[in-house]
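**Q**
2 protein chains.
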Amino acid sequence: MDNYVRIFDTTLRDGEQSPGATMTSAEKLEVARALAKLGVDVMEAGFPAASPDDLEAVRRIAVEVGNPTDGSRPPIICGLARASKNDIDKAWEAVQHAARPRIHTFLATSEIHMKYKLKMDREQVLDRVIQMVGYARSLCEDVEFSPEDAGRSDPEFLYLVLGEAIKAGATTLNIPDTVGYTTPDEFGALIEGIIKNTPGIENCIVSTHCHNDLGLATANTLAGIRAGARQAEVTINGIGERAGNTSLEEIVMALHTRRPVFNLATGIDTTQIMHVSKLVSNYTGIVVQPNKAIVGANAFAHEAGIHQDGMLKNQLTYEIMRPEMVGVTQSRLVLGKHSGRHAFKTRLSELGYPLNETDLDKAFERFKALADKKKTITDADLDALVADEFYQPSEVFVLDGLQVACGTMGMPTATVRLRGPDGATHIQAAIGTGPVDAAYKAIDAIVQAPSTLLEFAVHAVTEGIDALGEVTVRIEGTNGYHSLNAQKETERSRTFGGHGADTDIIVASAKAYLAALNKLLVVTGKYGSAETPATQGLTAWSRKE
Amino acid sequence: MDNYVRIFDTTLRDGEQSPGATMTSAEKLEVARALAKLGVDVMEAGFPAASPDDLEAVRRIAVEVGNPTDGSRPPIICGLARASKNDIDKAWEAVQHAARPRIHTFLATSEIHMKYKLKMDREQVLDRVIQMVGYARSLCEDVEFSPEDAGRSDPEFLYLVLGEAIKAGATTLNIPDTVGYTTPDEFGALIEGIIKNTPGIENCIVSTHCHNDLGLATANTLAGIRAGARQAEVTINGIGERAGNTSLEEIVMALHTRRPVFNLATGIDTTQIMHVSKLVSNYTGIVVQPNKAIVGANAFAHEAGIHQDGMLKNQLTYEIMRPEMVGVTQSRLVLGKHSGRHAFKTRLSELGYPLNETDLDKAFERFKALADKKKTITDADLDALVADEFYQPSEVFVLDGLQVACGTMGMPTATVRLRGPDGATHIQAAIGTGPVDAAYKAIDAIVQAPSTLLEFAVHAVTEGIDALGEVTVRIEGTNGYHSLNAQKETERSRTFGGHGADTDIIVASAKAYLAALNKLLVVTGKYGSAETPATQGLTAWSRKE
Numbered sequence: 005m006d007n008y009v010r011i012f013d014t015t016l017r018d019g020e021q022s023p024g025a026t027m028t029s030a031e032k033l034e035v036a037r038a039l040a041k042l043g044v045d046v047m048e049a050g051f052p053a054a055s056p057d058d059l060e061a062v063r064r065i066a067v068e069v070g071n072p073t074d075g076s077r078p079p080i081i082c083g084l085a086r087a088s089k090n091d092i093d094k095a096w097e098a099v100q101h102a103a104r105p106r107i108h109t110f111l112a113t114s115e116i117h118m119k120y121k122l123k124m125d126r127e128q129v130l131d132r133v134i135q136m137v138g139y140a141r142s143l144c145e146d147v148e149f150s151p152e153d154a155g156r157s158d159p160e161f162l163y164l165v166l167g168e169a170i171k172a173g174a175t176t177l178n179i180p181d182t183v184g185y186t187t188p189d190e191f192g193a194l195i196e197g198i199i200k201n202t203p204g205i206e207n208c209i210v211s212t213h214c215h216n217d218l219g220l221a222t223a224n225t226l227a228g229i230r231a232g233a234r235q236a237e238v239t240i241n242g243i244g245e246r247a248g249n250t251s252l253e254e255i256v257m258a259l260h261t262r263r264p265v266f267n268l269a270t271g272i273d274t275t276q277i278m279h280v281s282k283l284v285s286n287y288t289g290i291v292v293q294p295n296k297a298i299v300g301a302n303a304f305a306h307e308a309g310i311h312q313d314g315m316l317k318n319q320l321t322y323e324i325m326r327p328e329m330v331g332v333t334q335s336r337l338v339l340g341k342h343s344g345r346h347a348f349k350t351r352l353s354e355l356g357y358p359l360n361e362t363d364l365d366k367a368f369e370r371f372k373a374l375a376d377k378k379k380t381i382t383d384a385d386l387d388a389l390v391a392d393e394f395y396q397p398s399e400v401f402v403l404d405g406l407q408v409a410c411g412t413m414g415m416p417t418a419t420v421r422l423r424g425p426d427g428a429t430h431i432q433a434a435i436g437t438g439p440v441d442a443a444y445k446a447i448d449a450i451v452q453a454p455s456t457l458l459e460f461a462v463h464a465v466t467e468g469i470d471a472l473g474e475v476t477v478r479i480e481g482t483n484g485y486h487s488l489n490a491q492k493e494t495e496r497s498r499t500f501g502g503h504g505a506d507t508d509i510i511v512a513s514a515k516a517y518l519a520a521l522n523k524l525l526v527v528t529g530k531y532g533s534a535e536t537p538a539t540q541g542l543t544a545w546s547r548k549e
Numbered sequence: 005m006d007n008y009v010r011i012f013d014t015t016l017r018d019g020e021q022s023p024g025a026t027m028t029s030a031e032k033l034e035v036a037r038a039l040a041k042l043g044v045d046v047m048e049a050g051f052p053a054a055s056p057d058d059l060e061a062v063r064r065i066a067v068e069v070g071n072p073t074d075g076s077r078p079p080i081i082c083g084l085a086r087a088s089k090n091d092i093d094k095a096w097e098a099v100q101h102a103a104r105p106r107i108h109t110f111l112a113t114s115e116i117h118m119k120y121k122l123k124m125d126r127e128q129v130l131d132r133v134i135q136m137v138g139y140a141r142s143l144c145e146d147v148e149f150s151p152e153d154a155g156r157s158d159p160e161f162l163y164l165v166l167g168e169a170i171k172a173g174a175t176t177l178n179i180p181d182t183v184g185y186t187t188p189d190e191f192g193a194l195i196e197g198i199i200k201n202t203p204g205i206e207n208c209i210v211s212t213h214c215h216n217d218l219g220l221a222t223a224n225t226l227a228g229i230r231a232g233a234r235q236a237e238v239t240i241n242g243i244g245e246r247a248g249n250t251s252l253e254e255i256v257m258a259l260h261t262r263r264p265v266f267n268l269a270t271g272i273d274t275t276q277i278m279h280v281s282k283l284v285s286n287y288t289g290i291v292v293q294p295n296k297a298i299v300g301a302n303a304f305a306h307e308a309g310i311h312q313d314g315m316l317k318n319q320l321t322y323e324i325m326r327p328e329m330v331g332v333t334q335s336r337l338v339l340g341k342h343s344g345r346h347a348f349k350t351r352l353s354e355l356g357y358p359l360n361e362t363d364l365d366k367a368f369e370r371f372k373a374l375a376d377k378k379k380t381i382t383d384a385d386l387d388a389l390v391a392d393e394f395y396q397p398s399e400v401f402v403l404d405g406l407q408v409a410c411g412t413m414g415m416p417t418a419t420v421r422l423r424g425p426d427g428a429t430h431i432q433a434a435i436g437t438g439p440v441d442a443a444y445k446a447i448d449a450i451v452q453a454p455s456t457l458l459e460f461a462v463h464a465v466t467e468g469i470d471a472l473g474e475v476t477v478r479i480e481g482t483n484g485y486h487s488l489n490a491q492k493e494t495e496r497s498r499t500f501g502g503h504g505a506d507t508d509i510i511v512a513s514a515k516a517y518l519a520a521l522n523k524l525l526v527v528t529g530k531y532g533s534a535e536t537p538a539t540q541g542l543t544a545w546s547r548k549e
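Residue numbers (the numbering used here), protein chains in the order written: chain A, 5 to 549; chain B, 5 to 549.
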């Protein structure tokens with residue numbers, strides 16, 4: 005058995021399935037690029053049978069991220085498919101454009117799932133697995149099979165199903181603890197039993213896929229790896245349904261920090277972790293709590309006394325990892341009012357935003373405006389500024405003006421001016437329970453896209469009362485826009501996130517709401533059936549002009 | 005060995021030590037009450053030697069929570085002390101008022117800590133442990149000893165130190181993985197080795213204390229318990245320094261959900277978990293991420309299709325715990341405009357807020373005002389309303405009026421009127437980079453307490469654009485207010501949190517900032533040297549009148 009653990013990232017599939025994590029096709033592409041730079045071995049780009057938009061998003065990732073032009077080894081691009089011909093065809097349609105495509109198909113093997121969800125008996129399940137794995141293999145050389153809810157399946161039946169899947173052509177066998185039910189001892193024993201008892205498994209990769217319902221996903225995954233699994237399915241920040249999936253960053257840093265114990269390597273460039281973590285948090289609107297291992301704001305927090313001492317040895321009394329290792333930059337102050345275009349460009353490039361000259365001009369203009377208001381501009385400010393300026397869906401309505409009066413005397417009032425898809429400007433005033441409510445009501449009066457606000461959050465990007473405020477919102481279209489959940493076979497109502505940044509949080513709130521509404525309008529096809537395909541990174545995205 | 009696992013909660017000590025988690029004495033008392041209701045066996049109420057305020061907070065908890073008047077079994081109230089006479093005296097001074105007091109003393113035993121932090125050799129460490137455990141035992145029958153950084157200590161030396169601590173009178177031996185470095189196999193083996201090799205350990209309780217730096221705290225704690233530990237040191241929401249401590253809720257629910265595997269019980273009333281989780285998150289300002297196990301907003305999220313089906317069996321295909329078990333109420337709509345005082349009182353009482361008649365009148369008035377603005381009032385709204393109305397530090401300055409104008413045309417302006425400690429009203433106008441900045445500058449001009457804003461966050465309490473906005477801020481006094489960290493022996497700069505709720509987020513922002521400033525003024529003794537001692541719950545607290 006080799007000592008290399010393949011990192012299979014499913015942020016774009018299982019992660020994106022969590023409530024509110026819906027990303028646009030352009031956002032998915034950007035995350036896929038960041039994952040490739042991070043060095044993941046496989047990325048599950050989506051569930052192509054869910055909808056034509058989902059298929060198209062996976063196809064774009066296969067084309068653009070699955071075929072690097074810089075000579076680097078391409079990541080495997082994987083598409084999920086239920087054990088049906090239609091799903092497998094759709095997955096292949098999407099991933100075949102990648103240099104290294106993979107089809108991942110699954111079928112439940114636990115008694116409870118077979119009886120209540122599939123309504124199939126063991127023999128029927130076995131037959132279906134043989135047929136569909138075989139069919140996938142007839143299309144694609146790289147086929148992964150998962151017995152869903154393996155954690156609660158009869159091990160003897162599992163060995164049989166997996167053995168037949170191997171004969172039918174599966175090259176990776178993924179063992180999911182679908183409901184996050186097992187303990188590390190149990191999960192380790194499950195993997196050990198599978199490796200010992202499944203015929204033909206010596207020529208396959210065994211993989212783990214754990215959920216965190218009891219807080220044990222990381223430990224279960226590590227137990228599986230120690231028992232011989234050589235692929236770990238993970239997500240950035242551990243996002244995913246319910247309590248989420250195993251965190252990529254925790255698995256990678258545990259293997260890295262305790263190298264002598266595990267004696268295993270991954271292909272991850274750990275210094276990219278923090279950047280990808282922030283990117284995913286921004287796009288999904290799913291916050292990372294300060295006490296989250298590895299990527300939480302406090303994970304590496306130190307007190308003044310310790311730093312002043314400055315001795316590395318002394319630091320090791322309370323620190324088992326260096327923050328730089330995961331890309332946490334220690335310097336908080338980076339740029340100010342007098343920083344030039346060159347310094348600005350260099351810093352953006354270091355942060356992973358290689359803007360072209362036109363985009364750089366626009367970004368620099370925003371930077372200068374911000375520097376006029378705010379004494380120091382940190383990396384976090386730059387992240388927020390770039391996200392606000394460039395990482396937005398195609399704009400249908402653009403905020404052209406906003407005026408607000410509010411306070412304790414009641415009657416909060418907002419006046420909003422928008423430029424619409426017809427090029428005309430529209431103006432509306434409204435009163436509300438507060439300034440945000442008033443602004444949103446005024447926007448609603450113009451945009452006329454009925455929706456429910458599910459979440460609203462503001463945080464200051466950096467310290468100081470002059471800080472840039474970043475607003476994230478999540479809305480659900482009242483008329484419903486549904487997408488198929490691969491496992492539960494239920495239609496889920498899609499929700500749409502938006503973010504906006506400004507030193508005025510009411511302005512940022514209006515921008516965020518408008519971004520979410522624009523996403524809703526574009527995705528539901530009310531204005532333009534899909535986003536314009538990106539050709540090369542940021543530049544092709546629709547921008548505010 | 006019995007099959008009862010003692011839950012030792014250190015939210016008020018190790019949890020409160022995390023950046024920004026500083027709580028006032030009144031907040032600590034309220035959390036202590038909630039912990040007692042939750043059913044923790046031991047609560048570590050603080051580190052009395054840190055400052056006179058810390059001692060006083062522990063003393064109040066010992067007096068008021070350590071002596072229940074309703075006939076319930078009192079929780080053990082524990083105070084932390086370094087291995088010194090002074091610290092132990094202070095701890096005893098604070099906890100002796102409890103019906104069941106405990107002194108918890110510690111000394112590091114790892115080579116790196118002895119060499120670089122303690123600058124002591126093994127013999128000196130052993131001598132100090134014998135003397136100080138003996139001294140603690142001469143004051144208190146219940147003495148806990150922790151060999152700090154046990155996870156990186158030489159096991160043979162550990163057995164020796166622990167054996168001598170037992171001889172000197174220790175009754176509980178707590179084994180900390182101080183830096184969150186071990187794997188479950190290692191930590192389980194450590195506990196097993198200690199139980200096997202330490203003379204006299206059969207008459208003591210062995211305890212675990214794990215940190216989550218690699219995401220393994222829960223698994224390590226469970227491994228320790230399976231190896232024979234019968235006390236687990238945990239915090240609510242897993243808060244604590246860096247990536248935090250083991251989560252109370254994860255340990256309790258893992259033991260509960262997998263009862264047949266562990267065959268162990270705790271004394272926790274699991275239906276209180278969600279309420280305590282929210283209380284701690286509110287007071288510390290440390291958010292819980294949606295994908296946090298057990299207490300995250302998505303932990304029990306389901307999709308429409310599943311609910312409509314309604315079959316319990318079918319639910320079990322993707323659900324291993326019932327949300328009601330941790331106190332998640334399924335009904336989202338609870339009260340509206342036409343709800344009466346009785347329904348309001350009943351719901352508050354169910355939520356754990358047993359207000360007296362005067363407080364109820366005030367709360368009902370606020371409720372009615374809110375119901376005029378907002379169609380439906382949920383439990384979350386009530387939590388925010390009660391927190392905003394009652395759970396505030398003594399007020400020095402009170403917000404009397406606020407008027408704001410802002411928008412894209414620039415020049416955001418705020419006018420603020422405050423009533424000061426002298427009873428006089430003060431009014432100031434200021435411009436800022438945004439409406440919050442402007443309001444804070446106007447407040448600063450009146451209050452004159454130099455501080456730095458470290459964090460600012462707003463979230464909508466519930467869905468809908470008419471939602472109540474809850475703002476949390478964290479500030480640091482520019483002139484510094486320091487408190488001693490027990491382990492690192494460094495002074496840490498204390499920070500102060502504040503929260504405010506209003507349908508107008510600018511008003512909520514002003515309230516939150518003022519609450520934090522008031523906390524700073526009270527704690528630093530600028531106005532009144534300490535809060536007025538509480539006599540019975542909420543009623544004695546200083547309120548807005």
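Glycine included, each C-beta is placed from N, C-alpha and C at the ideal position.
(1) Taking Cβ-Cβ distances shorter than 7 angstroms, what residues in chain A pair up with Thr429/B?
(2) Just the chain B side, please: which residues come within less than 8 angstroms of Asn635/A by C-beta, in chain order?
(3) Taking Gln407/B as the query, report the chain A residues whose CB atoms sit under 9 angstroms from its CB, ordered along the chain.
(4) Could you check what DSSP says for Pro439/B in three-state terms: helix, strand or coil?
(5) Taking the alpha-carbon positions, what's the Leu457/A to Thr109/B distance?
(6) Using only the alpha-carbon positions, how far apart do Gly219/B and Leu268/B sit?
(7) For a contact defined as C-beta to C-beta under 9 angstroms, what are the partners of Thr212/B on chain A?
(8) Quick one: is Ser251/B near chain A, going by C-beta distance under 9 angstroms?
(9) Can you say whether Glu31/A is buried or exposed, counting buried as having 16 or more other CB atoms within 10 angstroms of its CB?
(10) For Glu480/B, count neighbouring C-beta atoms within 10 Å of its own C-beta (all shown protein chains included) and say buried if the count is 16 or more, exposed if not.
(11) Run through chain B and tell me which residues come within less than 7 angstroms of Pro416/A, C-beta to C-beta.
(12) Using DSSP with H/G/I as helix, E/B as strand and the rest coil, what is Leu316/A?
(13) Grab me the residues of Arg10/A's own chain with a C-beta within less than 7 angstroms of its C-beta, minus the 5 sequence neighbours each way, in chain order.
(14) For Ala103/A, count neighbouring C-beta atoms within 10 Å of its own C-beta (all shown protein chains included) and say buried if the count is 16 or more, exposed if not.
(15) What does a CB cutoff of less than 7 angstroms around Lys121/B pick up in its chain, not counting 5 residues either side in sequence?
(16) How close, in whole Å, do the beta carbons of Val265/B and Thr187/A come, if the pair is a contact with beta carbons under 8 angstroms?
(17) Against chain B, which members of the region 182-206 of chain A pass a CB distance test of less than 9 angstroms?
(18) For Ile229/A and Tyr287/B, I'd like the C-alpha separation in whole angstroms.
(19) Would the region 84-94 of chain B and the region 162-171 of chain B be scored as touching if the rule is three or more Cβ pairs under 8 angstroms?
(20) When the cut-off is 9 angstroms and only beta carbons count, does Glu97/A lie next to chain B?
(21) I believe Ile272/A touches Asn241/A by the beta-carbon criterion, under 8 angstroms. Please report the beta-carbon distance rounded to the nearest angstrom.
(22) Give the secondary structure of Asn489/B by DSSP, where H, G and I count as helix, E and B as strand, and everything else as coil.
(23) If I'm right that Val332/A touches Met257/A with Cβ under 8 angstroms, what's the distance once you round it to whole angstroms?
(24) So, do the region 394-413 of chain A and the region 376-383 of chain A have three or more beta carbon pairs nearer to each other than 8 angstroms?
**A** Based on what the coordinates show:
(1) Within the second sequence, the letter at position 425 stands for residue 429/B. Listed along chain A is no residue with a C-beta nearer than 7 angstroms to that of Thr429/B; the closest approach is about 13 angstroms.
(2) Residue 635/A lies beyond the residue range present for chain A, which begins at 5 and ends at 549; the question has no answer from this structure.
(3) Along the second sequence, read from residue 1 onward, the residue named residue 407/B stands at position 403. Going along chain A in sequence order, the residues near Gln407/B (Cβ under 9 angstroms) are Ala409, Cys410, Gly411, Thr412, Met413.
(4) As a first step, residue 439/B is located in the second sequence; it is residue number 435 there, counting from the start. Pro439/B: helix per DSSP, three-state reduction.
(5) For the purposes of this step, residue 457/A is identified with residue 453 of the first sequence, where counting begins at 1. For the purposes of this step, residue 109/B is identified with residue 105 of the second sequence, where counting begins at 1. About 51 angstroms.
(6) For the purposes of this step, residue 219/B is taken as the residue at position 215 of the second sequence. For the purposes of this step, residue 268/B is taken as the residue at position 264 of the second sequence. Cα to Cα, Gly219/B sits roughly 23 angstroms from Leu268/B.
(7) Against the second sequence, residue 212/B aligns to sequence position 208. Taking the beta carbon of Thr212/B as reference, no residue of chain A falls within 9 angstroms; the closest one sits roughly 14 angstroms away.
(8) For this step, residue 251/B is matched to residue 247 along the second sequence. With 9 angstroms as the cut-off, Ser251/B counts as an interface residue toward chain A.
(9) Locating residue 31/A in the first sequence gives position 27, counting from the first residue. Answer is buried; the Cβ neighbour count reaches 16.
(10) For the purposes of this step, residue 480/B is taken as the residue at position 476 of the second sequence. Under the 10 Å beta carbon count, Glu480/B is surrounded by 16 or more other beta carbons and is classified as buried.
(11) Residue mapping note: residue 416/A aligns to position 412 of the first sequence, counting from 1. Those are Asp508, listed as they occur along chain B.
(12) Sequence index remark: in the first sequence, residue 316/A carries index 312 (1-based). For Leu316/A, the pLDDT reaches just 48, beneath the cut-off of 50, and the residue's location in the model is therefore unreliable, leaving the point undetermined.
(13) Your numbering for residue 10/A matches position 6 in the first sequence. Correct list, in chain order: Asp45, Val46, Ile209, Arg234, Gln235.
(14) Locating residue 103/A in the first sequence gives position 99, where the first residue counts as 1. Label assigned to Ala103/A: exposed.
(15) Reading the second sequence from its first residue, position 117 is the one you call residue 121/B. Hits under 7 angstroms: Ala112.
(16) Translated into the one-based positions of the second sequence, residue 265/B becomes position 261. Translated into the one-based positions of the first sequence, residue 187/A becomes position 183. Sure, about 6 angstroms apart at Cβ, within 8 angstroms.
(17) Thr182, Val183, Gly184, Tyr185, Thr186, Thr187, Pro188, Asp189, Glu190
(18) For this step, residue 229/A is matched to residue 225 along the first sequence. For this step, residue 287/B is matched to residue 283 along the second sequence. Going from the Cα of Ile229/A to the Cα of Tyr287/B covers about 40 angstroms.
(19) no
(20) For this step, residue 97/A is matched to residue 93 along the first sequence. Taking Cβ atoms only, chain B never reaches closer than 9 angstroms to Glu97/A, which makes this a no.
(21) Taking the first residue of the first sequence as 1, we reach residue 272/A at position 268. Taking the first residue of the first sequence as 1, we reach residue 241/A at position 237. Ile272/A to Asn241/A, Cβ: 15 angstroms. No contact.
(22) Position 485 of the second sequence, counted from the start, is the residue given in the question as residue 489/B. Reduced to three states, the DSSP call for Asn489/B is coil.
(23) The sequence position of residue 332/A within the first sequence is 328, counting from 1. The sequence position of residue 257/A within the first sequence is 253, counting from 1. Not really, about 12 angstroms apart at Cβ, beyond 8 angstroms.
(24) no
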